[in-house]
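Enquirer: For reference, the structure I am asking about is given below.
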Amino acid sequence: MENVLVIGAGYLGRRVAARVATASKSPIYATTRSRSRFFELANAGLVPLKFDWTDSGSFAGLPWDTVENVLVAVSYDRNSRLDRHSSQVGGLVNLLRRLPPQVRVCYISTTGVYHQTDGRWVNETSPTHPTRLGGKVHLAAEQQLHALRPRDPWMVLRLAGIYGPGRVPRAADVLAGRPIRSSADGFLNLIHVEDAVEATLASWRQMADWGTNPPVGMQSRLFTVADDRPVVRRDFYGEIARQAGVAAPEFLPPAADAPERMRSDSNKRVDNRKLKRGLLPKLRFPDYRYGLADVLR
């Protein structure tokens, strides 16, 4: 994989850039808004670019003459002067209006676009009426891709909750014996970060196969990215405790106005059959037990 630009070198983006850099003969570019992260990226062998897609002046330094593959994995900066919609959707629109038409774009969205709360299965064709702001923003961004680049190569990956080294939700609470303030029975949908990296690379390969004739419409460009086995919270956190040799956690209801309450209310199961059929046939970590064994080791 050559000529890659990662917009947003966070937990996933940095790993994608590092993976490509190990085998690439061309510079791998990665953007950041942070001065400290700039030097971290340089020390990792990447070409760091200070970039803020809400600032029109930032675009002058992007290497459009060489880039073929772009990953958009931008998280919201809570210190931004702009609201979330203006920052994430407006920033993406700024980017799309400057991208050369042949550039292949992988956009990282979220399964938070699904509103279902009754434990039902959802897939790429399920209705999307998100109630949380993050889901609304990502859905609006997906629609901008479709509107502004109808005949150009792009793909949307709706990722389940990413976990991996240094990032297992509430593992510290389990290990310390603190109660988990969440429903014990709702489903979690997860994807190990290494499988998310592979899905990203596979999206670029598939877009390269399209050549100059990308498919028309959203459905052929959209994949939900989750592992094979949605898991109820009680089993997930209980598995952390089992593998770590500590007591299973206690669950307490979150406060009515706490962010955990909205996350607890989300209760669905993400179907990954289209992902495995059309993009990533085999996952390295097919369910949470394999992934936790890797991380907790």
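Under my numbering, think of the first position of the sequence shown as 2, with each following residue one higher.
Ideal Cβ placement from N, Cα and C applies to all residues, glycine included.
This one's a predicted model, so the numbers in the text were calculated from it and none came from an experiment.
1) Nearest CA to the CA of Val302: which residue from Leu63, Ala74 and Val68?
2) In the structure shown, what three-state DSSP assignment does Leu284 receive?
3) Below 7 Å between beta carbons: does that hold for Leu281 and Val232?
4) Taking only the alpha-carbon atoms, compute the straight-line gap between Arg152 and Ser59 and give it to the nearest angstrom.
5) Write down the C-beta distance between Leu276 and Met2 rounded to the nearest angstrom, noting that I regard them as a contact closer than 8 Å.
6) Could you check the C-alpha separation between Ile301 and Leu96 for me, to the nearest Å?
7) Assuming Ile181 and Tyr238 make a contact with CB atoms under 8 Å, what is their CB distance in whole Å?
8) Can you check which of these residues, Pro28, Lys269, Ala43 and Arg278, is closest to Gly120 by C-alpha distance?
9) Give a yes or no on contact between the segment 209-223 and the segment 140-159, applying the rule of three or more CB pairs nearer than 8 Å.
10) Tell me, please, whether the segment 33-53 touches the segment 9-18 by the rule of three or more beta-carbon pairs shorter than 8 Å.
11) If distances are taken between C-alpha atoms only, which option among Leu253, Leu176 and Arg230 comes closest to Ala161?
12) For Gly212, count the other beta carbons within 10 Å of its own beta carbon; 16 or more makes it buried, fewer makes it exposed. Which is it?
13) Is DSSP giving Arg34 helix, strand or coil here?
14) Can you give, in chain order, each stretch of the alpha helix (DSSP H) that sits fully within the segment 138-185 and has at least 4 residues?
15) Measure from the alpha carbon of Arg159 to the alpha carbon of each residue in Thr129, Thr111, Leu140 and Asp196, then state which is nearest.
16) Could you tell me which of Arg285, Val198, Leu176 and Thr225 sits nearest to Gln244, measuring between CA atoms?
17) With DSSP as the reference, label Thr132 as helix, strand or coil.
18) Between which two residues does the beta strand (DSSP E) holding Arg222 run?
19) Return the bridge partner residues of Trp122 from the DSSP annotation.
20) By the 10 Å Cβ neighbour count, where 16 or more other Cβ atoms means buried, how is Ser184 classified, buried or exposed?
Expert: Reading off the structure:
1) Not covered by the structure: residue 302. The range shown for the chain is 2 to 298.
2) The residue given as residue 284 occupies position 283 in the sequence shown. DSSP places Leu284 in coil when its eight states are reduced to three.
3) Along the sequence shown, one-based indexing puts residue 281 at 280. Along the sequence shown, one-based indexing puts residue 232 at 231. No, Cβ-Cβ distance for Leu281 and Val232 is not below 7 Å.
4) Translated into the one-based positions of the sequence shown, residue 152 becomes position 151. Translated into the one-based positions of the sequence shown, residue 59 becomes position 58. So the alpha carbons of these two residues sit roughly 26 Å apart.
5) Taking the sequence shown and counting its residues from 1, one reaches residue 276 at position 275. Taking the sequence shown and counting its residues from 1, one reaches residue 2 at position 1. Their Cβ separation, rounded to whole angstroms, is 19 Å, which puts Leu276 and Met2 out of contact at 8 Å.
6) Residue 301 lies beyond the stretch modelled for the chain, which goes from 2 to 298, so this question has no answer here.
7) Numbered from its first residue, the sequence shown carries residue 181 at position 180. Numbered from its first residue, the sequence shown carries residue 238 at position 237. For Ile181 against Tyr238, the beta-carbon gap comes to about 6 Å, under 8 Å, which counts as contact.
8) For this step, residue 120 is matched to residue 119 along the sequence shown. If we check each option's Cα against that of Gly120, Lys269 comes out closest.
9) Under the three-pair Cβ rule at 8 Å, the segment 209-223 counts as touching the segment 140-159.
10) Contact holds: three or more Cβ-Cβ distances are below 8 Å.
11) For the purposes of this step, residue 161 is taken as the residue at position 160 of the sequence shown. Selected option, being the one with the closest Cα: Arg230.
12) As a first step, residue 212 is located in the sequence shown; it is residue number 211 there, counting from the start. Label assigned to Gly212: exposed.
13) Within the sequence shown, residue 34 is the residue found at index 33, counting from 1. Arg34: coil per DSSP, three-state reduction.
14) Counting only runs of 4 or more, we get 172-177.
15) As a first step, residue 159 must be located in the sequence shown, where it is residue number 158. Of the candidates Thr129, Thr111, Leu140 and Asp196, the residue whose Cα lies closest to the Cα of Arg159 is Thr111.
16) The sequence position of residue 244 within the sequence shown is 243, counting from 1. Closest by alpha carbon: Leu176.
17) Numbered from its first residue, the sequence shown carries residue 132 at position 131. Collapsing the DSSP output to three states places Thr132 in coil.
18) The count along the sequence shown starts at 1 and reaches residue 222 at position 221. Counting along the chain, Arg222 falls outside any beta strand (DSSP E), and DSSP gives it neither H nor E.
19) One-based indexing of the sequence shown puts residue 122 at position 121. DSSP, once it has assigned bridges, lists Arg270 as partnering Trp122.
20) Taking the first residue of the sequence shown as 1, we reach residue 184 at position 183. It is buried - the Cβ of Ser184 has at least 16 other Cβ atoms within 10 Å.
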